[in-house]
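Enquirer: The listed protein sequences correspond, in order, to chains C and X. Start counting the first sequence at 22; every next residue gets the next number (the numbering used here). Start counting the second sequence at 22; every next residue gets the next number (the numbering used here).
Number of protein chains: 2
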Amino acid sequence: MSHIQGVLKPKKTQLIEVAQSIKPWIHRTPVVRSRFLNELSGADLYFKCEQLQRMGAFKMRGAVSALSVLSDEQRAQGVVTHSSGNFGQAVALAAKLMGIKAYVVMPQGTPKVKRDAVLGYGAEVTDCAPNLAAREQATQEIIQRTGATALHPSNAMPVILGNATATMELIEEVPDLNGVIAPVGGGGLLAGTALATAYFGDNCLCWGAEPSAVDDAYRSLKMGSIQTNEDPKTIADGLKTQLGSVNFPIIQKGVSAIYCVEESEIVAAMRLLWERTKMVVEPSSAVVLAAVLKYPQEFSEKKIGLILSGGNVDLGQLPF
Amino acid sequence: MSHIQGVLKPKKTQLIEVAQSIKPWIHRTPVVRSRFLNELSGADLYFKCEQLQRMGAFKMRGAVSALSVLSDEQRAQGVVTHSSGNFGQAVALAAKLMGIKAYVVMPQGTPKVKRDAVLGYGAEVTDCAPNLAAREQATQEIIQRTGATALHPSNAMPVILGNATATMELIEEVPDLNGVIAPVGGGGLLAGTALATAYFGDNCLCWGAEPSAVDDAYRSLKMGSIQTNEDPKTIADGLKTQLGSVNFPIIQKGVSAIYCVEESEIVAAMRLLWERTKMVVEPSSAVVLAAVLKYPQEFSEKKIGLILSGGNVDLGQLPF
Chain C
22 MSHIQGVLKP
32 KKTQLIEVAQ
42 SIKPWIHRTP
52 VVRSRFLNEL
62 SGADLYFKCE
72 QLQRMGAFKM
82 RGAVSALSVL
92 SDEQRAQGVV
102 THSSGNFGQA
112 VALAAKLMGI
122 KAYVVMPQGT
132 PKVKRDAVLG
142 YGAEVTDCAP
152 NLAAREQATQ
162 EIIQRTGATA
172 LHPSNAMPVI
182 LGNATATMEL
192 IEEVPDLNGV
202 IAPVGGGGLL
212 AGTALATAYF
222 GDNCLCWGAE
232 PSAVDDAYRS
242 LKMGSIQTNE
252 DPKTIADGLK
262 TQLGSVNFPI
272 IQKGVSAIYC
282 VEESEIVAAM
292 RLLWERTKMV
302 VEPSSAVVLA
312 AVLKYPQEFS
322 EKKIGLILSG
332 GNVDLGQLPF
Chain X
22 MSHIQGVLKP
32 KKTQLIEVAQ
42 SIKPWIHRTP
52 VVRSRFLNEL
62 SGADLYFKCE
72 QLQRMGAFKM
82 RGAVSALSVL
92 SDEQRAQGVV
102 THSSGNFGQA
112 VALAAKLMGI
122 KAYVVMPQGT
132 PKVKRDAVLG
142 YGAEVTDCAP
152 NLAAREQATQ
162 EIIQRTGATA
172 LHPSNAMPVI
182 LGNATATMEL
192 IEEVPDLNGV
202 IAPVGGGGLL
212 AGTALATAYF
222 GDNCLCWGAE
232 PSAVDDAYRS
242 LKMGSIQTNE
252 DPKTIADGLK
262 TQLGSVNFPI
272 IQKGVSAIYC
282 VEESEIVAAM
292 RLLWERTKMV
302 VEPSSAVVLA
312 AVLKYPQEFS
322 EKKIGLILSG
332 GNVDLGQLPF
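#1: So, are the CB atoms of residue 308 of chain X and residue 215 of chain X less than 8 Å apart?
#2: Could you pull out every unbroken beta strand (DSSP E) segment of at least 3 residues lying fully inside the stretch 104 to 163 of chain C, listed in chain order?
#3: Who are the Cβ neighbours of residue 178 of chain X in its own chain at under 7 Å, not counting the five residues just before and after it?
#4: Spatial neighbours of residue 194 of chain X within its chain, please: C-beta separation below 6 Å, excluding the five flanking residues on both sides.
#5: Are the CB atoms of residue 61 of chain X and residue 314 of chain X nearer to each other than 8 Å?
#6: In this structure, does DSSP put residue 203 of chain X in helix, strand or coil?
#7: Which partner residues does residue 278 of chain C have in the DSSP bridge list?
#8: Output, in chain order, the set of chain X residues within a Cβ distance shorter than 7 Å of residue 133 of chain C.
#9: If you drop the 5 nearest sequence neighbours on each side, which residues of the same chain put their C-beta closer than 6 Å to that of residue 324 of chain C?
#10: What is the rounded straight-line gap between the Cα of residue 224 of chain X and the Cα of residue 166 of chain X?
#11: At a Cβ threshold of 8 Å, is residue 17 of chain X touching chain C?
#12: Looking at the C-beta of residue 296 of chain X, does it have a partner C-beta in chain C at a distance below 8 Å?
#13: Residue 331 of chain C and residue 77 of chain C: beta carbons closer than 8 Å?
#14: Considering only the beta carbon of each residue, do residue 279 of chain X and residue 205 of chain X sit closer than 8 Å?
#15: Can you find a CB in chain X that lies within less than 8 Å of the CB of residue 52 of chain C?
#16: Check each residue of the stretch 188 to 217 of chain X: if its Cβ is closer than 9 Å to any Cβ of chain C, include it; give the result in chain order.
#17: Taking the DSSP output, what are the residues bridged to residue 329 of chain X?
#18: For residue 72 of chain X and residue 47 of chain X, which I take to be in contact (beta-carbon distance under 8 Å), what is that distance rounded to the nearest angstrom?
#19: What does the alpha-carbon distance come out to for the pair residue 327 of chain C and residue 54 of chain C?
#20: Is residue 303 of chain X closer than 8 Å to residue 333 of chain X when the C-beta atoms are compared?
#21: Hey, does residue 80 of chain C have any beta-carbon neighbour from chain X nearer than 8 Å?
#22: Residues of chain X with CB closer than 7 Å to the CB of residue 308 of chain C, please, in chain order.
#23: Less than 8 Å separating the beta-carbons of residue 86 of chain X and residue 126 of chain X?
#24: Go through its chain and collect everything with a Cβ distance to residue 81 of chain X's Cβ below 6 Å, but skip five positions before and after it.
#25: Does residue 299 of chain C have its Cβ less than 8 Å from a Cβ in chain X?
#26: How many Å lie between residue 35 of chain C and residue 192 of chain X at the Cα?
#27: Just to confirm the assignment, what range does the alpha helix (DSSP H) spanning residue 285 of chain C have?
#28: Hey, is residue 332 of chain X's beta-carbon within less than 8 Å of any beta-carbon in chain C?
#29: Under 9 Å between beta-carbons, which chain C residues line up against residue 341 of chain X? List them in chain order, please.
#30: Compare the C-beta of residue 140 of chain C against all C-beta atoms of chain X and say whether one is closer than 8 Å.
#31: Strictly below 9 Å CB to CB, what residues from chain D border residue 143 of chain C?
#32: Using CA coordinates, which residue listed in X:260, X:234, X:263, X:273 is at the minimum distance from residue 244 of chain X?
#33: Should residue 338 of chain X go down as buried or exposed, given a rule of 16 or more other Cβ atoms within 10 Å for buried?
#34: Report all residues from its chain with a CB closer than 6 Å to the CB of residue 283 of chain C; omit the five preceding and five following residues, and keep chain order.
#35: Give a yes or no on whether 8 Å exceeds the smallest Cβ distance from residue 73 of chain X to chain C.
#36: For the putative contact between residue 160 of chain C and residue 95 of chain C, defined by C-beta atoms under 8 Å, what is the C-beta separation to the nearest angstrom?
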C-alpha cells in the first residue's frame, strides 16, 4: 500500500523505534496455523497469538508504549485508566514492571478474572457504575487527587504504535500475506494494524472485523464521519468501545473494508478455535475468524493474517 | 536411573527406532512454561503440550507405532479398537494417513466431539453399551466379520514405545529435569514415560498422577499386584481404564511414586491451565498439575516435566 504511506501521519521510523523500545517488556507471540480451519475457510490462515502475550492480550504492547513516553515527573505521579478489562490489566502489569504507580477504574460487571488480575499486579482499583460518565468522573477524581496521567486504552498515538508491533512481527514471519484482519472496538488495534501493513507488508491489505451489534466503525467508514452505538451489547466485550478520533483517520486511509458478524457467528468461531486449535481466546478474537468464514468470496484462496487479540475469558460465563 | 535399565525389557535402541519410524506422522509438540504456575507451585514446570499433537492427544504416537509394526496381510484386513475417545480418534487418523481401514467401537455417552472426529477421519464407528463386556463383544464381532487386527489403547508394547517418544522429545529439549510426571489410566503413557526417563534422563525420576476415584494404579504399586476399580467415575474420562499387565511391571520398575488427587482438585487445576496458559487441556491432563500443587513437599524447588496428555474436551459439558 505504498500510495497511502505518504498521507499517514506516523512515519515508518517511529514504528521501528517503538518496536525496539517495548521489546524488553513484551513477548514475541507465536504464529499458529490449523489444517482444519484452512480447509474450512478455503484460505491460508496465520493466527497471531496475542492471547499468549503477557497478561493475555495485545493491550500490553500499547500500555508499555504509552508508559515509555512519559516524562520523569509524570512517572513519579503515576498513571490512571478506566477499562472494562484488558487495558486495565496491561497498564497494571506494565506499570509494575516499570516501577510506576497505577490506578485502574473498573465498571461493575467486569469479568472477575480481569479484576483479580489487575489487583494481582499491584494496581489500585476503583469501582464505578458501568457507564462512560461514571468511568470518566472516577478517573477525573483520581487525577485531581494524585496528579496521575490519564491513559486512553485505544485513542492515542503511543498506544496505536505499540499495537502495530503485533502485525510487524507477523509480517516479519510471513512476509507475503495478502492481508491482515483485526477486530475493531475503539480502533487502536485496527489503526496499528493498518500502519504496519502499509509500511511493512508487500501489497498487504488491512481489514477490520466487528460485531454487527456495535458496528460504529463499519458505519463510520461508510459515512466518512464517526458514528456512535445506541446500546452497545455484544459478547465481544472488548469491542464495545466507541471508535476514536485519533484512530479514525488512520483507519480511513489504511483499511480496505470492515466486515460485520452476528453474535451466534462469534460464538461458533470461538468454539471452533477452542476445539480445533486448543487455544483459549476471548470472543473479541473470534470475531476475525467469524468474518473470514462468513465472507469466503473476499477471503478464500488468500494468505491471511488474523490477529487473535486476547484470551482473558471468565470461564464461569461461557456461552456454550 | 541407570540401575533400572538392566531390568527393563524394551531396550534403548528400540525406543530410538520407534521414535524414528513414527516421526513423519506425528507433530513434535512444544514445551510451554508459565511464570504464574511456577510461582504458585514453587517449582520450575515444563509442560509438554500433547493437546497440540495431531488429533489432540499423545495417543497419536502409540497408534502410529502400533500400525507401523503390522504385516502387509494385517494392513490389508484393517484394524479395530474400542475406545471412549482419544485412542479411537488416533487409530482413525493414523489408519487414514497410512491407507488402512479402521473400525472403532465407541460406548454410548462418548463426548460428541470425539465421536464426530473419528467419523471425520473416515473410520467405521460401531456404537455399544457403556461397559467393558459390550465393548469387547462388539470388537470380537468385527474381528470375525472382517479379520481386522485388534489394537489395545494402552496395554501393548508398540503403544508404550510410541508413547515414550513424548518424554524423549521433552528431555531432548530440557535435559536436566529432576523428574517427569504423567497421568495414569491404563498405564501405557506412564510406562512409556518411565522408559524414556530411565534411558534418556540424567537422574530423572518418573512419577504418576491419578484421580483418587480410580486409584487402581496407586494401589497396585503399593500391593505389588494389579488392583481393580469398583465403580470407575471421574471427570478425567481418559483415566478410567484398568491398569494393564504389560504396563504394570514397567511401572513397578521405573516409577517412584503415584500421587492421587480429588475431583475438585482436577477441576481447579484445569481452570488454572485454561486461564493462565490459555491452553485447552482435558481433565486427564490437569491431573498432573493438580498433583504437583497438592504435594509441594515432593515437588517444590525441582525442575519438573508435566505431560499434558490431550485437549479433547466436550465444550458443552464443562465443569465450570
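C-beta atoms are modelled at their ideal positions from N, C-alpha and C, and glycine is treated no differently.
Expert: If we stick to the structure as given:
#1: no
#2: 123 to 128, 145 to 149
#3: 31, 267
#4: 52
#5: yes
#6: strand
#7: C:228
#8: Within chain X, no residue comes near residue 133 of chain C; the closest Cβ sits about 11 Å away, beyond 7 Å.
#9: 65, 198, 199
#10: 50 Å
#11: Since the first residue of chain X shown is 22 and the last is 341, residue 17 of chain X is not available in this structure.
#12: yes
#13: yes
#14: yes
#15: no
#16: none
#17: X:70
#18: About 14 Å separates the two Cβ atoms, so there is no contact after all.
#19: 10 Å
#20: yes
#21: no
#22: Residues of chain X passing the Cβ test: none, with the nearest at roughly 17 Å.
#23: no
#24: 47, 74, 75, 111
#25: yes
#26: 43 Å
#27: 284 to 298
#28: yes
#29: 336, 337, 339
#30: no
#31: Protein chains in the displayed structure are C and X, and chain D is not among them.
#32: X:273
#33: exposed
#34: 233
#35: yes
#36: No, residue 160 of chain C and residue 95 of chain C are not in contact; Cβ-Cβ is about 16 Å, not under 8 Å.
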